[in-house]
Amino acid sequence: MKSFVDLFCGGGLGARGAVQAGLEPVLAIDLWEFACKTYKVNFPEAVVINDRIEKIDPLQHCSSGSLDLLIASPECTNHSVAKGSAPRDERSKETALHTLDWISALKPRWVVIENVKEMKLWHRYQSLIESLRNLGYLVDDFVLNSADFGSAQSRSRLFLVAGLGVTPPVITAPEAATPLTVQDILDPDGTWPMKPLFVPNRAKATAARARDAIATLGPDAEFLIVYYGSGGKKSWQTLNSPLRTVTTIDRFALVKKRSNRWHIRMLQPSELARAMSLPSEHQFAAGTRRDKVKICGNGVCSIVMKNVIEQIKIVDHKFQTART
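Per numbering that gives the first Met the number 0, residue 0 is the first one in the sequence shown, and the count goes up by one each step.
Take a look at the structure:
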């Protein structure tokens, strides 16, 4: 296996895992310009197109049957619980179905589609799987938590794996994966300025979150305040556990004591990138802090994609060897 096409490519976080697994991107497509710029910064050899995948003819860029792998991360917002009770956009969900046109045209040996695990509840999910089977693919799906694979983030995502006439491997986390925590992703002290926490203009909810953590952890604790929580979890977390799921908006604030006063700062894009298991060589394009946070929240945890593809490669090698 050598090459892959990357649909809904984002800033190349999933591609980074694919490259670490030994593959090369030949084509990447995304509707967000900043994502495309970030992808091109990191993978200049790839053709990167800023457009909708349904507007592009796959055969203008790749020949049928020549592609090893197609990866795709269709829009997930309208599947995710993070959207709460807001109305759902069926057209957004249906972006996953546009991948079928590409798969039908290019006939890649392998397909990996990543999304939030709630995608399995979508009324057209089984139709997507049946369409893949009708194209000759054997299909399986897995809900994988990035923390089990050695990332410093607890991020459960659905990975749908399809092999053209080949049974996909059962994707498992490596037994030797080293568990990482928030402490492992933080920039050194002093890199980013911190502000006093308990000041008159501080939001009451933020102060209340901090007081709850201090009351539980003790007067000298260091911890994260967690905004936009769900599922009844506390509105803070310790630093000795994996980060909760990175989202597309600022969610985490670090709290520490300095000169006997409590101080606070938001986690930075560089720290969120480490939580996504990105290596230091993966760079953001020039953009706003908000853009960089969104790139991370929209991305695929690189170490999980790397492991998925490495396990696919083992099965693919056995299959190709048996054919010869």
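Every residue, glycine too, gets a C-beta built ideally from N, C-alpha and C.
Would you kindly report the start and end of the unbroken beta strand (DSSP E) that includes L137?
Where L137 is concerned, the enclosing beta strand (DSSP E) starts and stops at Y136 to N144.
Beta carbon of L131 nearer than 8 Å to that of A104:
Contact annotation: L131 and A104 have beta-carbon atoms that are not nearer than 8 Å.
If you reduce the DSSP assignment to three classes, tell me which class R51 lands in.
In the structure shown, R51 sits in coil (DSSP, three-state: anything other than H, G, I, E or B).
Is any heavy atom in the ligand FMN found nearer than 7 Å to the beta carbon of R123?
Only the bare structure without any ligand can be found here, which leaves the ligand FMN out of the picture.
For the alpha helix (DSSP H) that contains G16, what are its first and last residues?
First-last of the alpha helix (DSSP H) with G16: L12 to Q19.
Environment of F197 [buried if 16+ CB atoms lie within 10 Å]
Around the Cβ of F197, a 10 Å sphere holds fewer than 16 other Cβ atoms; the residue is exposed.
Per-residue DSSP class, three states only, for I112:
In the structure shown, I112 sits in a strand (DSSP, three-state: E or B).
From V138, I302, R322 and A14, residue whose alpha carbon lies closest to that of S150:
The shortest Cα separation from S150 among V138, I302, R322 and A14 belongs to I302.
Residue ranges of each alpha helix (DSSP H) run of no fewer than 4 residues wholly in the stretch 280-320, ordered along the chain?
Taking only runs of at least 4 residues, the alpha helix (DSSP H) segments lying wholly in the stretch 280-320 are 288-296.
So is V169 buried or exposed if we call it buried at 16+ other beta carbons inside 10 Å?
Taking all protein chains shown into account, V169 has fewer than 16 neighbouring C-beta atoms within 10 Å of its C-beta and is therefore exposed.
For the beta strand (DSSP E) holding S72, just list the boundary residues, first then last.
It is not in any beta strand (DSSP E) - S72 carries neither H nor E in the DSSP assignment.
Exposed or buried, T346, counting other C-beta atoms within 10 Å across all chains shown (16 or more means buried)?
Absent from the structure is residue 346, since the part of the chain shown begins at 0 and ends at 323.
Just the C-alpha distance for V314 and P178, rounded to the nearest angstrom, thanks.
Distance between the alpha carbons of V314 and P178 is about 27 Å.
Unbroken alpha helix (DSSP H) run spanning E32, endpoints
Counting along the chain, the unbroken alpha helix (DSSP H) around E32 starts and ends at E32 to N41.
For A146, the nearest candidate out of L242, L6, G10 and A272 (CA to CA)
Residue L242 is the option with its Cα nearest to A146.
Three-state secondary structure assigned by DSSP to I28:
Reduced to three states, the DSSP call for I28 is strand.
Tell me whether L179 sits in a helix, a strand or coil according to DSSP, three-state version.
Three-state result, L179: coil.
Where does V307 land, buried or exposed, given buried means 16+ other C-beta within 10 angstroms?
With 16 or more Cβ atoms within 10 Å of its Cβ, V307 is classed as buried.
Given a cut-off of 8 Å on the beta-carbon distance, is the pair P173 and N114 in contact?
Note that the C-beta distance between P173 and N114 is not below 8 Å.
Mapping the DSSP letters down to three states, classify E221 as helix, strand or coil.
In the structure shown, E221 sits in coil (DSSP, three-state: anything other than H, G, I, E or B).
Three or more C-beta pairs below 8 Å linking the stretch 241-260 and the stretch 3-21:
Below 8 Å, too few C-beta pairs join the stretch 241-260 and the stretch 3-21 to call them touching: fewer than three.
CB contact flag (A27, V47, <8 Å):
Yes, the Cβ-Cβ distance between A27 and V47 is below 8 Å.
For K194, the three-state DSSP class (helix, strand or coil)
Under the three-state reduction of DSSP output, K194 falls in the strand class.
Classify R108: buried if its beta carbon has 16 or more other beta carbons within 10 angstroms, exposed otherwise.
By the neighbour-count criterion, in which 16 or more other beta carbons inside 10 Å mark a residue as buried, R108 falls on the buried side.
Alpha-carbon to alpha-carbon, K54 and L22
Going from the Cα of L22 to the Cα of K54 covers about 26 Å.
Can you say whether K293 is buried or exposed, counting buried as having 16 or more other CB atoms within 10 angstroms of its CB?
With a 10 Å radius around the Cβ and a threshold of 16 neighbouring Cβ atoms, K293 comes out buried.
Quick one: residues in its chain with C-beta nearer than 7 Å to the C-beta of W191, no 5 flanking neighbours on either side, listed in chain order?
Excluding positions up to five away in sequence, the list reads R264 and Q267.
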